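The listed protein sequences derive, respectively, from chains A and B.
Residue numbers for the first sequence follow the working numbering, so the first one is -11 and each next one is one higher.
Residue numbers for the second sequence follow the working numbering, so the first one is -11 and each next one is one higher.
We put the beta carbon where it would ideally sit given N, CA and C, even for glycine.
What you are looking at is a predicted structure, and each value in this text was computed from that prediction instead of being measured.
First the structure, in the form of C-alpha cells, and then the observations on it.
2 protein chains.
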Amino acid sequence: MKKKAIQDYYEDSLSHCYGCGTNNPHGHQIKSYLEGDETIARYKPDEKYSAGTPDHVYGGMVASLLDCHGTASAAAFACQAENTSMEESQKPVRFVTASLKVDFKNPTPMGVELEMKGQLRSISGRKVWVDMSLTANGVVCATAEILAIRLKE
Amino acid sequence: MKKKAIQDYYEDSLSHCYGCGTNNPHGHQIKSYLEGDETIARYKPDEKYSAGTPDHVYGGMVASLLDCHGTASAAAFACQAENTSMEESQKPVRFVTASLKVDFKNPTPMGVELEMKGQLRSISGRKVWVDMSLTANGVVCATAEILAIRLKE
Chain A
-11 MKKKAIQDYY EDSLSHCYGC GTNNPHGHQI KSYLEGDETI ARYKPDEKYS AGTPDHVYGG
49 MVASLLDCHG TASAAAFACQ AENTSMEESQ KPVRFVTASL KVDFKNPTPM GVELEMKGQL
109 RSISGRKVWV DMSLTANGVV CATAEILAIR LKE
Chain B
-11 MKKKAIQDYY EDSLSHCYGC GTNNPHGHQI KSYLEGDETI ARYKPDEKYS AGTPDHVYGG
49 MVASLLDCHG TASAAAFACQ AENTSMEESQ KPVRFVTASL KVDFKNPTPM GVELEMKGQL
109 RSISGRKVWV DMSLTANGVV CATAEILAIR LKE
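Following this line, the structure appears as C-alpha cells:
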C-alpha cells in the first residue's frame, strides 16, 4: 500500500491549497513525508513556472514549495513531539504560516526534481519553527525558515 | 498613452518569470509602478490559487507577488538613486532575490484586488533592501522585506 503523505491527513475542508491541497485539481499537490527526524518532499515544476530565464524556476515557486512543505513539516513534528502521528492523532492537525524567510543561494534549475527537506528547530505551544532546504541535483538552491502556527480546533 | 510598468523595461531575455514576465503567457504578469517615493502593484488572483480554504489566497501566491514586486521595486529605486529611471537608464536594470521574508498578518481574501506597496530601506552597491506590504480592502494581510541584488551586465 502506498504510504500516505502528511497532506493526505489534512481535513477535507482545509485541503484546497494550490500548493499542496488534495482537493485542488489545478495545483501542485506536493506531498511531504516524515522520515525519521526529518521531512522530505520531491517535486518537479512544470516548465511554465519559469524564472526570468526559461531554464530556471521562479522564486515564487521556490517559496511556495517551502511554504507548503514547512506547514506540513510542522504538523508532523508536532505530532512526533506528542508521541503520536498524523495517522494516529485523535485531533485534526493543521498549521498555517506566520512567517517564512527564504534565502536564495543558487538559481533553481528547470526540468529537475527538486528535493525539500525540513528539520525541527523548536516547538512552543502552538508555534513550531522549522528549518528547510531545497536542493536540485544535490546543489542547495535555497534555505528557509518558517514559523508555523497550529490552527485551533 | 498607457503608462509602462517597471517590468515592461526588463530585457526580453529576462522576461519569462511566471510572476511578472511579459513573455510568459501562463503567468500573472504583475505590473509594478513607481509613484513618488513608493512602488505599487495591484493584482486579483484567480480562484484556483486558493489557500486551505477556497475563500483565501494561498501563501505561495502572496510570497510570489511580493517577490516580483520586490525585485521591480529594487530596480526602480536603484534608478531613482542614480537620478535616472527605468525608461531613461542607459543600461538594463534587473534585480534578483537574495532573500525574502514574509510575515502573514491576516488571511488574504479571495476575489479581491490585492495592493502591494514597496518602500526603499537602503542601497549599498548592487544590493537593495525594500520593505513591502500587501493589503486587501485596506487590511494589511502581509508585510515583507526583500534583499535584491542587481544583475551584472
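Query raised in the report: residue 27 of chain A lies in the beta strand (DSSP E); which residues open and close that run?
Result: Here the beta strand (DSSP E) through residue 27 of chain A covers 26 to 31.
Report task. Go ahead and label residue 147 of chain A buried or exposed: buried means 16 or more other beta carbons lie within 10 angstroms of its beta carbon, across all protein chains shown. Result -> This structure leaves residue 147 of chain A out entirely; chain A is present only between -11 and 141.
**Report entry** Closest by C-alpha distance to residue 103 of chain A, when choosing among A:83, A:53 and A:112
**Finding:** Taking only the C-alpha atoms, the option nearest residue 103 of chain A is A:53.
Query raised in the report: Which residues in chain B sit within 8 Å of residue 124 of chain A, going by Cβ to Cβ distance?
Result: Within 8 Å Cβ-Cβ: nothing; residue 124 of chain A doesn't reach chain B, min ~17 Å.
Requested in this report: Kindly indicate which residue of B:118, B:29 and B:32 has the alpha-carbon position closest to the one of residue 65 of chain B.
Outcome: Closest option to residue 65 of chain B, Cα to Cα, is B:118.
**Report entry** Cβ distance (whole Å) where residue 69 of chain A is taken to contact residue 82 of chain A below 8 Å
**Finding:** 16 Å between Cβ atoms; not a contact.
Requested in this report: Using 10 angstroms around the beta-carbon of residue 0 of chain A, count the other beta-carbons present and answer buried if the total reaches 16, otherwise exposed.
Outcome: Answer is exposed; the Cβ neighbour count stays below 16.
Query raised in the report: Touch check for the segment 2 to 16 of chain B and the segment 29 to 39 of chain A: three-plus C-beta pairs under 8 Å?
Result: Yes, they touch.
**Report entry** Minimum C-alpha distance to residue -7 of chain B - residue among B:13, B:14, B:30 and B:12
**Finding:** The residue with the shortest Cα to Cα distance from residue -7 of chain B is B:30.
Query raised in the report: Would residue 128 of chain A count as contacting chain B if we go by Cβ distances under 7 Å?
Result: No, its Cβ sits nowhere closer than 7 Å to a Cβ of chain B.
Query - Within 8 Å of chain A by C-beta, residues of the segment 26 to 44 of chain B in sequence order - result: Cβ contacts with chain A: 36, 37, 38, 39, 40, 41 and 42.
Report task. For chain B, find out if any of its Cβ atoms is closer than 7 Å to the Cβ of residue 14 of chain A; answer yes or no. Result -> At least one CB of chain B lies nearer than 7 Å to the CB of residue 14 of chain A.
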